[in-house]
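K.L.:
Here's a structure for you.
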Amino acid sequence: MTAKKKILLTGAAGYIGAHTAVELIEQGFETVLIDNFSNSDRSLLQGIEQIVKQKINFREGDCRDAAFLDSVFSKTKFDSVIHFAAFKSVKESVLHPLKYYENNIESLTALLRAMHRHQVNEIIFSSSCTVYGQPDSIPVDEKAPLKKAESPYGATKQMCEQILEDTVKAHPSLKVVSLRYFNPIGAHPSAHIGEMPTDVPDNLVPYVTQTAAGLRPKLVVFGDDYPTPDGSCLRDFIHVVDLAQAHVRAVEKINDLPHRIEYINLGTGEGVSVLQLIKKFIDVTGVPLNYEIGPRRPGDVVKTYADAHKALALLNWKTKRSLDEALQDAWRWQQKI
Ligand code: NAD
Ligand code: WQD
């Protein structure tokens with residue numbers, strides 16, 4: 010049996026990083042987790058340990074800090090890096106663009122430099138369906154043109170992809186998989202880890218669960234007059250555990266991929282409307298939800314869902330978990346925190 014790869018995860022105390030850490034550790038990968046807790050706290054790390062029933066190898070520090078990265082890279086000869094660390098709020102990025110450009114761009118460039126210094130040649134990058142903006146047609150495949158970013162956050166994801174593209178050209182040994190996530194939702198079924206918004210959530214599902222839990226008076230549906238079957242926006246909601254498992258496949262397959270940089274959508278391939286999701290939540294949990302229709306949210310994409318065939322072809326990955334499971338898991342997690 011070949012030895013399992015050694016993996017560095019940045020932003021590992023966050024929502025998707027923590028779920029990916031669990032999947033990698035359960036599959037026997039040696040992992041080192043780093044985070045600066047700028048948008049998380051230590052509790053998810055304890056949650057990871059409860060699930061995997063072992064101590065994790067965690068180092069606190071900032072991805073932009075070259076000395077910190079050198080100390081981490083000198084201790085372990087990594088095979089691959091999975092780079093989650095970034096700020097992710099569209100709304101905040103409009104108010105504080107420099108905070109987003111500084112963190113999201115500099116954390117990637119500092120990491121690439123450290124990888125180069127320490128001869129680590131594989132990176133999996135957390136990109137987003139936001140790079141497609143308002144798509145011309147759905148489902149969206151990876152060849153769809155990237156539209157002008159709707160927010161500084163979206164611009165950072167496009168710029169990071171460009172940085173990776175240019176760096177691959179300049180460094181023939183570098184291999185990159187840029188995973189374009191659609192809408193991750195849900196939590197680990199154990200309810201030991203899940204999404205932990207530090208502020209009022211921007212995203213739909215945490216808002217739904219917080220409203221159902223009585224933490225917010227009501228949910229506002231941002232528009233029901235769009236050209237969609239029920240008038241509300243259409244999205245591709247993917248269970249975070251499915252998403253995490255795609256990272257394991259990416260780490261396993263990165264050396265077999267046709268190109269040294271691959272862009273791969275991660276989604277279910279199905280569009281679900283905001284109103285359908287709300288009704289499904291009420292149905293599967295049996296919990297009433299106070300919601301009303303409000304005005305459209307500026308900048309919202311009307312309808313998008315993934316063409317997920319490339320992930321199946323290249324990573325042998327597709328989603329396994331249903332929307333019902335994702336909403337039940339999100340609710341179980343909400344009741345715990
Ligand atoms: P998150 O905020 O829960 O996790 C990100 C983690 O990175 C946090 O723990 C934060 O403390 C850490 N971090 C941020 N800057 C850092 C730095 N400079 N050094 C060290 N740690 C740092 O976010 P998430 O939902 O887990 O998202 C992970 C990645 O996936 C992000 O790059 C995000 O842009 C991307 N993404 C998320 C979504 C989504 O809807 N959640 C969708 C598409 C893409
Ligand atoms: C989903 C739908 C809202 C809250 C964002 C980022 C994107 C990516 C995924 C990171 C929309 C509606 C929401 C509410 C509502 N993240 N909604 N009431 O907009 O698809 O994408 O997360 O890369 O970059 O922009 O996700 O969860 O904010 O919204 O009606 O209180 O729910 O209008 O149609 P979105 P979301």
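Numbers in the numbering used here are just positions in the sequence shown, counted from 1, shifted up by 9.
Note that beta-carbon positions come from the ideal geometry of N, C-alpha and C, so glycine has one too.
Because the structure is a prediction, the values reported are computed rather than measured.
#1: Quick check: does the Cβ of Leu321 come within less than 7 Å of any heavy atom belonging to the ligand WQD?
#2: Write down every uninterrupted run of the beta strand (DSSP E) in the segment 190-259 whose length is 3 residues or greater and which is fully enclosed by it, in chain order.
#3: Indicate the three-state DSSP secondary structure (helix, strand or coil) for Asn66 in the structure shown.
#4: What residue range does the alpha helix (DSSP H) around Thr294 cover?
#5: Can you find a heavy atom of the ligand WQD that lies under 7 Å from the Cβ of Arg244?
#6: For Phe38, which residues of its own chain have a beta-carbon under 8 Å away from its beta-carbon, when the five flanking residues on both sides are left out?
#7: According to the Cβ coordinates, are Ala27 and Leu53 closer than 8 Å?
#8: Just mark Leu332 as buried or exposed, buried being the case when its beta carbon has 16 or more other beta carbons within 10 Å.
#9: On the DSSP bridge list, what partners appear for Val185?
#10: Just checking, does the segment 58-68 make contact with the segment 199-207 on the three C-beta pairs under 8 Å criterion?
#11: Should Gly308 be counted as a contact of the ligand NAD given a C-beta to heavy atom distance under 7 Å?
#12: Could you say if the segment 213-226 and the segment 273-280 meet the contact criterion of at least three C-beta pairs nearer than 8 Å?
#13: Run the proximity test for Gly26: is its beta-carbon closer than 7 Å to any non-hydrogen atom belonging to the ligand NAD?
#14: Can you name, in chain order, every residue of its own chain whose Cβ lies under 7 Å from the Cβ of Leu173, other than the five neighbours on each side?
#15: List, from N- to C-terminal side, the alpha helix (DSSP H) runs of 4 residues or more that fit wholly inside the segment 26-70.
#16: Counting pairs of Cβ atoms below 8 Å between the segment 105-119 and the segment 152-159, do you hit three or more?
#17: So, is Asp245 buried or exposed, given that buried needs 16 or more other C-beta atoms within 10 angstroms?
#18: Starting from Glu174, follow the alpha helix (DSSP H) in both directions and report where the run begins and ends.
#19: Are the Cβ atoms of Lys289 and Leu336 separated by less than 8 Å?
#20: Using 7 Å as the cut-off, classify the Cβ of Tyr350 as near or not near the heavy atoms of the ligand NAD, replying yes or no.
#21: Can you tell me where the beta strand (DSSP E) holding Glu301 begins and where it ends?
#22: How about Ser52: is its Cβ closer than 7 Å to a heavy atom in the ligand NAD?
#23: For a quick check, are the C-beta atoms of Asn264 and Asp316 less than 8 Å apart?
#24: Got a sec? Which residues, its chain only, sit under 8 Å from Asn299 by beta carbon, not counting five neighbours each side?
#25: From the DSSP output, in three-state form, read off Ile91 for me.
#26: Is Asp6 near Phe191, with beta carbons less than 8 Å apart?
#27: Note the first and the last residue of the continuous beta strand (DSSP E) segment covering Leu17.
#28: Who are the near neighbours of Ile346 in its chain, counting only those whose CB is closer than 8 Å to its CB and skipping five residues on each side?
#29: Let me know the secondary structure DSSP gives Ser137 once reduced to three states.
#30: Alpha carbon to alpha carbon, how far is Lys178 from Gln171?
#31: Starting from Phe82, trace the alpha helix (DSSP H) in both directions and tell me its first and last residue.
#32: How many angstroms separate the CA atom of Trp326 from the CA atom of Gln285?
P.N.:
The answer reads as follows:
#1: Every heavy atom of the ligand WQD is 7 Å or more from the Cβ of Leu321, so no.
#2: Those beta strand (DSSP E) runs which fall completely within the segment 190-259 and span 3+ residues are 192-194, 228-231 and 246-248.
#3: Assignment of Asn66 by DSSP, reduced to helix, strand and coil, places it in the coil class.
#4: Start and end: Val283 to Thr294.
#5: Yes; taking the cut-off as 7 Å, the Cβ of Arg244 has a heavy atom of the ligand WQD nearer than that.
#6: So the list reads Lys13, Lys14, Lys15, Ile16, Val257 and Val260, once near-sequence residues are dropped.
#7: Pairing Ala27 with Leu53 gives a Cβ-Cβ distance under 8 Å.
#8: By the neighbour-count rule (16 or more Cβ atoms within 10 Å), Leu332 is buried.
#9: Looking at the DSSP assignment, Val185 forms a beta bridge with Ile132 and Ile270.
#10: Contact holds: three or more Cβ-Cβ distances are below 8 Å.
#11: Flag unset: Cβ of Gly308 not near the ligand NAD.
#12: Between the segment 213-226 and the segment 273-280 there are fewer than three inter-stretch CB-CB distances shorter than 8 Å, so the stretches are not counted as touching.
#13: Under cutoff, so the answer is yes.
#14: Cβ neighbours of Leu173 beyond the five flanking positions: Phe134, Val185, Ser187 and Ile270.
#15: Taking only runs of at least 4 residues, the alpha helix (DSSP H) segments lying wholly in the segment 26-70 are 52-61.
#16: No: the two stretches stay apart, fewer than three of their Cβ pairs being nearer than 8 Å.
#17: With 16 or more other Cβ atoms within 10 Å, it is buried.
#18: Where Glu174 is concerned, the enclosing alpha helix (DSSP H) stretches over Pro161 to Ala179.
#19: Contact flag set, yes.
#20: Within the shown structure, residues of the chain are numbered from 10 to 346, placing residue 350 beyond reach of any answer.
#21: Tyr300 to Gly303 is the span of the beta strand (DSSP E), which, as asked, contains Glu301.
#22: Ser52: no, Cβ never under 7 Å from the ligand NAD.
#23: Asn264 places its beta carbon 8 Å or farther from that of Asp316.
#24: Once the five neighbours on either side are set aside, the close Cβ partners of Asn299 are Thr220, Pro226, Lys227 and Leu228.
#25: The answer is strand: DSSP assigns Ile91 an E or B state.
#26: What is shown of the chain runs 10 to 346, which leaves residue 6 out entirely.
#27: It spans Lys15 to Thr19 - the beta strand (DSSP E) in which Leu17 sits, taken as one unbroken run.
#28: Within the same chain, Ile346 has close Cβ partners Gly203 and Met205.
#29: Per DSSP, reduced to three states, the secondary structure at Ser137 is strand.
#30: So the two alpha carbons sit approximately 11 Å from each other.
#31: DSSP places Phe82 inside the alpha helix (DSSP H), whose first and last residues are Ala75 to Lys84.
#32: Looking at the two C-alpha atoms, the distance is approximately 26 Å.
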